[in-house]
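Numbering (this note's numbering), first residue to last: 1308 to 1596.
Scroll down for the structure; my scribbles are underneath it.
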């Protein structure tokens, strides 16, 4: 089986071949990747989580009848193993995977759900166990350690977003069928698990687009960029929201279908979301408004 991994640079169209892992990937059931940036050392790092069969267990591909929603087995026959690769820019640097001991942090988890999301030096992931609901785990790219994030009350965990440079969870609902409301929970401090809630009332003319909505981030002018989905549609629509004017503006930006599907369903799991910034030319934005 070929276990080669490459990175593709979207802007330059360059492909970077990565070294092979030292893990026994023949016993690996599933692999997840996440790309993050270390702002202290000014380097990118690639994090890899593997669901590997324990040495004393039977063959990993024998028949079972217990599966999670992605068709992955969630039981104690497997363990999560973590490796990290520092992507040095020097041509003379030697790339090598390093294993990180995650037994203390991740021993209670049995699988990873959805794609990762990077914000301000931290990679966020959703983890699951057999007996509990989803939990958010944060990986500090510089310190290379994991912490568990306590969820705010009633906040959904289906999609990650970004608001004001922080991780955000969003939920569109209606308490009494009118008006529709977009609630956004913002993680102000991941070490202290400090959440704040932002509520946006949705006018009738945009409600049909907001069956699901994900905050992508804020422009320098303060407007919020939202990726929205209509019911039973895979294609996403972008909106900006001006909190001062209480105004929504639809942007004519076409989202690739594969990315739209991944953003809506959280699958494929190997996709890693990393936004350096969303700064646009102000003149170009003026033409859209």
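Note that beta-carbon positions come from the ideal geometry of N, C-alpha and C, so glycine has one too.
Practice problem: Out of 1349, 1345 and 1357, state which residue places its alpha-carbon closest to the alpha-carbon of residue 1339. | Solution: Along the chain shown, one-based indexing puts residue 1339 at 32. Taking only the C-alpha atoms, the option nearest residue 1339 is 1357.
Quiz item: Which residue's Cα is closest to the Cα of residue 1413: 1559, 1395 and 1442?
Solution: Locating residue 1413 in the chain shown gives position 106, counting from the first residue. Of the listed residues, the one whose Cα sits closest to residue 1413 is 1442.
Exercise. Report, in whole angstroms, the separation of the C-beta atoms of residue 1404 and residue 1419, which I expect to be a contact under 8 Å.
Key: Reading the chain shown from its first residue, position 97 is the one you call residue 1404. Reading the chain shown from its first residue, position 112 is the one you call residue 1419. Not confirmed; about 18 Å, so no contact.
Self-check item: Neighbour-count burial assignment, residue 1322, 16 or more Cβ in a 10 Å radius
Solution: What you label residue 1322 is simply residue 15 of the chain shown in a count that begins at 1. Burial call: exposed.
Self-check item: Simplified DSSP assignment, three categories, for residue 1340
Solution: As a working note, residue 1340 is residue 33 in the chain shown. Note: residue 1340 maps to strand in three-state DSSP.
Exercise. Tell me whether the beta-carbon of residue 1457 lies closer than 8 Å to the beta-carbon of residue 1503.
Key: Sequence index remark: in the chain shown, residue 1457 carries index 150 (1-based). Sequence index remark: in the chain shown, residue 1503 carries index 196 (1-based). No, the Cβ-Cβ distance between residue 1457 and residue 1503 is not below 8 Å.
Self-check item: Contained alpha helix (DSSP H) runs [length at least 4] in the segment 1494 to 1549, N- to C-terminal order
Solution: 1511 to 1514
Quiz item: Thinking just about the alpha-carbon of each residue, which of 1493, 1320 and 1387 is nearest to the one in residue 1523?
Solution: Residue 1523 sits at position 216 when you count from the first residue of the chain shown. When only C-alpha atoms are compared, the closest one is 1493.
Practice problem: Determine the closest residue to residue 1459 out of 1391, 1534, 1544 and 1474, with distance taken between C-alpha atoms. | Solution: Within the chain shown, numbered from 1, the residue matching residue 1459 stands at position 152. Of 1391, 1534, 1544 and 1474, the residue nearest in Cα terms is 1474.
Self-check item: Of the residues 1478, 1466, 1448 and 1537, the one placed nearest residue 1422, counting alpha carbons only
Solution: For this step, residue 1422 is matched to residue 115 along the chain shown. Residue 1466 is the option with its Cα nearest to residue 1422.
Exercise. Kindly indicate which residue of 1445, 1426 and 1435 has the alpha-carbon position closest to the one of residue 1468.
Key: For the purposes of this step, residue 1468 is identified with residue 161 of the chain shown, where counting begins at 1. Of 1445, 1426 and 1435, the residue nearest in Cα terms is 1426.
Quiz item: With 16 other CB atoms within 10 Å as the buried threshold, where does residue 1326 fall?
Solution: Translated into the one-based positions of the chain shown, residue 1326 becomes position 19. Residue 1326 is exposed by the Cβ-count criterion.
Quiz prompt | N-terminal and C-terminal residue of the beta strand (DSSP E) that residue 1479 is part of | solution = Within the chain shown, numbered from 1, the residue matching residue 1479 stands at position 172. Here the beta strand (DSSP E) through residue 1479 covers 1473 to 1480.
Practice problem: Go to residue 1320, then tell me how far its beta strand (DSSP E) extends in each direction, as first and last residue. | Solution: Locating residue 1320 in the chain shown gives position 13, counting from the first residue. Segment: none, residue 1320 is in no beta strand (DSSP E) and carries neither H nor E.
Practice problem: Can you say whether residue 1435 is buried or exposed, counting buried as having 16 or more other CB atoms within 10 angstroms of its CB? | Solution: Here the question's residue 1435 lines up with position 128 in the chain shown. Burial call: buried.
Quiz prompt | Euclidean distance between Cα positions of residue 1384 and residue 1516 | solution = On the chain shown, position 77 is the one that residue 1384 refers to. On the chain shown, position 209 is the one that residue 1516 refers to. Taking the straight line from one Cα to the other gives about 43 Å.
Exercise. Give me the Cβ distance between residue 1547 and residue 1519, rounded to the nearest whole Å; I'm assuming they're in contact under 8 Å.
Key: For the purposes of this step, residue 1547 is identified with residue 240 of the chain shown, where counting begins at 1. For the purposes of this step, residue 1519 is identified with residue 212 of the chain shown, where counting begins at 1. At roughly 17 Å, the Cβ-Cβ gap does not stay under 8 Å, so residue 1547 and residue 1519 are not in contact.
Exercise. Mark residue 1542 as exposed unless 16 or more other C-beta atoms lie within 10 angstroms of its C-beta, in which case mark it buried.
Key: For the purposes of this step, residue 1542 is identified with residue 235 of the chain shown, where counting begins at 1. The residue in question, residue 1542, is exposed, as its Cβ has fewer than 16 Cβ neighbours within 10 Å.
Quiz item: Beta carbon of residue 1555, beta carbon of residue 1505: below 8 Å?
Solution: Numbered from its first residue, the chain shown carries residue 1555 at position 248. Numbered from its first residue, the chain shown carries residue 1505 at position 198. Their beta carbons are not under 8 Å apart, which means residue 1555 does not touch residue 1505 by this criterion.
Practice problem: For my contact list, residue 1470 and residue 1491 are in at a C-beta cut-off of 8 Å; report their separation, rounded to the angstrom. | Solution: As a position in the chain shown, residue 1470 is number 163, starting the count at 1. As a position in the chain shown, residue 1491 is number 184, starting the count at 1. Residue 1470 to residue 1491, Cβ: 6 Å. Contact.
Quiz item: Going straight from the alpha carbon of residue 1428 to that of residue 1497, what length do you get?
Solution: On the chain shown, residue 1428 is found 121 positions in, with the first residue counted as 1. On the chain shown, residue 1497 is found 190 positions in, with the first residue counted as 1. If you take the alpha carbons of residue 1428 and residue 1497, they lie about 11 Å apart.
Quiz item: Pick from 1450, 1320, 1526 and 1545: whose alpha carbon is nearest that of residue 1534?
Solution: For the purposes of this step, residue 1534 is identified with residue 227 of the chain shown, where counting begins at 1. Of the listed residues, the one whose Cα sits closest to residue 1534 is 1545.
Exercise. Can you tell me the Cβ-Cβ gap for residue 1486 and residue 1461, rounded? I've got them flagged as a contact below 8 Å.
Key: Walking along the chain shown from the start, residue 1486 turns up at place 179. Walking along the chain shown from the start, residue 1461 turns up at place 154. Not confirmed; about 19 Å, so no contact.
Quiz prompt | Given residue 1342 as reference, the closest of 1549, 1558, 1477 and 1447 once Cα atoms are compared | solution = On the chain shown, residue 1342 is found 35 positions in, with the first residue counted as 1. The shortest C-alpha separation from residue 1342 is found at 1447.
Practice problem: Flag this pair as yes or no: are the beta carbons of residue 1387 and residue 1353 separated by less than 8 Å? | Solution: Position 80 of the chain shown, counted from the start, is the residue given in the question as residue 1387. Position 46 of the chain shown, counted from the start, is the residue given in the question as residue 1353. Contact flag unset, no.
Exercise. Using alpha carbons as the reference points, say which of 1318, 1360 and 1416 lies closest to residue 1335.
Key: Taking the first residue of the chain shown as 1, we reach residue 1335 at position 28. For residue 1335, the nearest C-alpha among the options comes from 1360.
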